[in-house]
Amino acid sequence: MKNVTIPEKKIIGLAIRTTNENGQSANDIELLWQKFWKEQVGHQIEQKINDDIYAVYTHYETDFTGYYDTIIGYEVNSLLAIPDGLVGLVIEGGVYDKFVSTGKMPEAVFNTWLEIWGDKEFDSKRAYKADFTIHGEKYNDGPEAEVETYISIKS
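So, in structure tokens, the structure goes:
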């Protein structure tokens, strides 16, 4: 884990409201990823900055045990032209703790989340504004894939 400061980010993507209760988020988010690939969301977003895919967790009802929104999409220059069926979101700039998951996906990312959820001391530092993963150039189907996870921290 590394403490970093990030600038504001604008994201356009597909969204769903879910909860971790009874494993609902695992099913909901898997279906959202399937829809993301099937609908070729990347081809619908003209103003994307690059091909890094963001999975954003935001609008928390309480903490990681309550309802929250998940948005899978891309960082963009502007939210002025949001394609039908997609949503826009601004991730506030600020202080985040960065985790790097390495290994077979999605298991490696899920294990990082289990580590985050299981750390009560760390949970008291969380801001629950917007947390996100970046699936960048090292994201693939291989055993050495890499995904970065950013957790919003209280100032």
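Residue numbers for the sequence shown follow this note's numbering, beginning at 41 and rising by one. For each residue, glycine too, the CB sits at the ideal point set by N, CA and C.
Under the three-state reduction of DSSP, F76 is assigned to helix. The Cβ-Cβ distance between I51 and V135 does not fall below 8 Å.
In chain order, F139, T152, T173 place their CB closer than 6 Å to the CB of T189, counting only its own chain and leaving out the 5 sequence neighbours on each side. In the DSSP assignment, H83 falls outside any beta strand (DSSP E) and lies within the alpha helix (DSSP H) extending over 81-84. Contact annotation: the segment 175-187 does not touch the segment 103-110, with fewer than three C-beta pairs closer than 8 Å.
Non-local C-beta neighbours of E48 in its own chain, meaning closer than 7 Å and more than five positions away in sequence, comprise V130, I131, E132, G133, ordered along the chain. With respect to the C-alpha of K42, the residue from I89, V96, S141, V116 having the closest C-alpha is S141. Per DSSP, G128 is not a residue of any alpha helix (DSSP H); the beta strand (DSSP E) it occupies stretches across 127-131. Here S192 carries a strand assignment [DSSP, helix/strand/coil].
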